[in-house]
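First the structure, in the form of structure tokens, and then the observations on it.
Numbering (this note's numbering), first residue to last: 83 to 302.
As structure tokens, this is what we get:
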């Protein structure tokens with residue numbers, strides 16, 4: 083494991099990276115704006131669960147396969163892009179709910195099925211993005227000593243630490259968006275916010291679809 087200064091640098095870098103807006107942050111903020119803080123937190127937990135898949139997959143070599151196999155990367159890339167495009171188009175085409183139905187819509191969020199769908203949406207948004215796996219392969223090994231006896235174990239430990247450190251950041255995004263949702267202007271413009279978020283999701287999907295498999299340096 084890295085010494086304390088390097089470990090603190092790893093944690094700080096992780097927080098800064100998780101503060102950077104992207105598909106995951108947009109998914110959390112959108113759900114929190116539309117359905118409240120609880121929904122945003124559940125969205126973040128789904129994303130966290132998806133990150134765990136990438137961490138353990140990278141540790142056992144699946145991530146390395148995607149980094150070295152253009153075909154494997156391309157398949158997952160197009161599946162992930164299609165999912166982001168699906169989310170975006172669905173939001174762009176969504177209809178505005180009458181003001182009388184806003185209370186009913188908010189109450190429906192507390193239903194287990196709705197929260198489960200939000201969680202699974204965050205999970206698949208993350209799992210189907212091969213760039214997440216490549217990020218872990220490129221970022222985490224920089225903090226593992228070249229002479230470490232069990233690099234795979236250290237990779238998992240650092241990956242888990244990175245993922246757990248992301249939870250407070252995700253909760254912060256959810257709380258901030260939930261606070262904004264309670265403002266009257268945001269509620270009135272929620273339909274247009276859905277459309278803007280949908281366009282952004284479509285943009286992320288297109289960007290992913292046209293992304294070439296990058297050369298990732300594995301280890302040192």
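Using N, Cα and C, we set each Cβ at its ideal position, and we do this for glycine too. All figures in this text were calculated on a predicted structure; none of them were measured in a lab.
{"Asked": "For residue 168, which residues of its own chain have a beta-carbon under 7 Å away from its beta-carbon, when the five flanking residues on both sides are left out?", "Found": "none"}
{"Asked": "In this structure, how does DSSP classify residue 101 when only helix, strand and coil are distinguished?", "Found": "helix"}
{"Asked": "If you compare alpha carbons, which of 152, 244 and 122 is closest to residue 257?", "Found": "122"}
{"Asked": "Would you call the CB atoms of residue 140 and residue 218 closer than 7 Å?", "Found": "yes"}
{"Asked": "How is residue 294 classed by DSSP in three states: helix, strand or coil?", "Found": "coil"}
{"Asked": "Taking residue 200 as the reference, give the member of 159, 242, 127 and 142 with the closest Cα.", "Found": "127"}
{"Asked": "Which whole-angstrom value describes the C-beta separation of residue 283 and residue 170, a residue pair presumed to lie in contact below a C-beta threshold of 8 Å?", "Found": "3 Å"}
{"Asked": "Roughly how many whole angstroms lie between the Cα atoms of residue 213 and residue 231?", "Found": "27 Å"}
{"Asked": "Is residue 172 helix, strand or coil by DSSP?", "Found": "helix"}
{"Asked": "Using the C-alpha atoms, what's the distance from residue 132 back to residue 253?", "Found": "16 Å"}
{"Asked": "Beta-carbon within less than 8 Å of residue 161's beta-carbon, same chain only, minus the 5 sequence neighbours each way: which residues are those?", "Found": "210"}
{"Asked": "Residue 208 by DSSP, collapsed to three states: which one?", "Found": "helix"}
{"Asked": "Output needed for residue 208: all residues of its chain with C-beta closer than 7 Å, excluding positions within five of it in sequence on either side, in chain order.", "Found": "106, 129, 132, 133 and 214"}
{"Asked": "Beta-carbon within less than 8 Å of residue 234's beta-carbon, same chain only, minus the 5 sequence neighbours each way: which residues are those?", "Found": "141 and 142"}
{"Asked": "Report the three-state DSSP secondary structure of residue 337 (helix, strand or coil).", "Found": "Any question about residue 337 goes unanswered here, given that the chain covers just 83 to 302."}
{"Asked": "Can you say whether residue 250 is buried or exposed, counting buried as having 16 or more other CB atoms within 10 angstroms of its CB?", "Found": "exposed"}
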